[in-house]
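What follows is one structure encoded as C-alpha cells, with my remarks underneath.
Residue numbers (full-length UniProt numbering): 1 to 294.
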C-alpha cells in the first residue's frame with residue numbers, strides 16, 4: 001500500500017487564513033457617525049426647543065423652519081375637521097407626557113400622537129384675513145347698491161384683519177405659554193402645541209364670514225341679528241375647542257395651583273370674547289340706512 005505525500009503547504013494555509021481574518025470588516029462603526037441610527041435611541045431636544053433627531057438644521061437656515069411646515073394635505077384637512085366638530089370627545093392636545101418627551105422632543109404632540117405644525121395655522125389665518133375682508137367689502141357693495149349710493153372701499157380693513165388674526169394666532173399663544181412657564185403649570189405643554197391649537201380653531205371663521213353676507217338687504221336690522229347669531233356660533237365652536245383642550249391641560253394641577261388655572265381659563269375666554277366682538281364690529285357692523293328725504 002502506497003502512501004500519498006502530503007503536498008499541502010500548512011504555512012501558506014495558515015497565512016491565507018490569517019489574511020482572510022484580517023480582511024473581515026468590523027460590525028460596528030468606530031467613526032461615531034452611525035450612532036444616530038442605533039435602534040432604541042431616544043430623541044433629544046435642543047436648547048432652542050427643537051427636536052435634535054429630526055430638525056438638525058441651524059436656526060438661521062431655511063431647513064430649520066421648513067421642518068415645522070412638514071405636513072401633508074390629509075393631515076391638515078383632518079385637523080380642520082377636528083376643530084370644526086364641537087362634539088368631539090378626543091382632545092386636540094395630546095396629554096400623554098411620556099410620549100411627548102420621548103417621541104417628539106420639545107415640540108410636543110397633538111391628537112393621535114402627531115407632531116403639531118405651523119403650516120395649517122399660517123394658511124388658515126391668512127385665508128380668514130382674506131375672507132373677512134372680501135365678505136365685509138361684499139356686504140358694503142350690496143348694501144350701497146341697494147341704497148343707490150357709491151361704495152367707498154376700505155382697504156384699511158385688510159390691514160386690520162391681518163393685525164387682528166395674526167396677533168390672536170401667534171402672539172396670544174406665546175403670552176399663554178410664557179404664563180404657563182412663569183406659574184409652572186402644565187410644563188408638558190409646548191409653544192408649538194398652543195400655536196397649532198389657536199391656529200386650527202380659526203377655521204370656523206371662514207364659514208362664519210361667508211354666511212354673514214346676508215341677502216336680506218331690505219331688512220338691515222334683521223340682517224344684523226343674523227350676523228350676531230353667526231358670530232355667536234363661531235365663538236361657541238372655536239371657543240369650546242380652545243377651552244376644553246386648555247382646561248384638560250390645567251385640570252391635573254394641585255390644589256394650590258387651581259387658582260392660577262382658573263385665572264388662566266378666564267383670561268383665555270376673555271381674549272376669545274374680544275376676538276369675536278372685534279370680528280363683528282370691525283367687519284360686519286351695523287349698516288346705516290340712507291335717509292330717503294335727502
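Ideal Cβ positions, reconstructed from N, Cα and C, are used throughout, including at glycine.
Under the DSSP definition of a beta bridge, residue 80 lacks any partner.
Around the beta carbon of residue 155, a 10 Å sphere encloses fewer than 16 other beta carbons of the protein chains shown; the residue is thus reported as exposed. Runs of the alpha helix (DSSP H) spanning 4 or more residues and lying entirely within the segment 181–252 occur at 191–201, 205–211, 220–250, in chain order. Between the alpha carbons of residue 239 and residue 88 lies a distance of about 14 Å.
Shown here for residue 245: same chain residues with a beta carbon closer than 7 Å to its own, the five before and five after excluded, namely 91, 92, 93, 197 in chain order. Residue 115: not part of any alpha helix (DSSP H); DSSP gives it neither H nor E. Around the CB of residue 153, fewer than 16 other CB atoms lie within 10 Å, so the residue is classed as exposed. Taken atom to atom, the span from the alpha-carbon of residue 142 to that of residue 127 is near 22 Å.
Looking from the CA of residue 114, the closest CA among 212, 75, 211, 66 belongs to 75. Beta-bridge pairing by DSSP links residue 110 to 93, 114. A Cβ-Cβ separation of about 16 Å leaves residue 124 out of contact with residue 193 under the 8 Å criterion.
Nearest Cα to residue 188 within the set 199, 159, 248: 248. Within the same chain, and ignoring the five residues on either side of residue 278 in sequence, the residues whose Cβ sits closer than 6 Å to its Cβ are 164.
Pairing residue 133 with residue 161 gives a Cβ-Cβ distance under 8 Å.
Residue 262 and residue 251 have their alpha carbons spaced roughly 10 Å apart.
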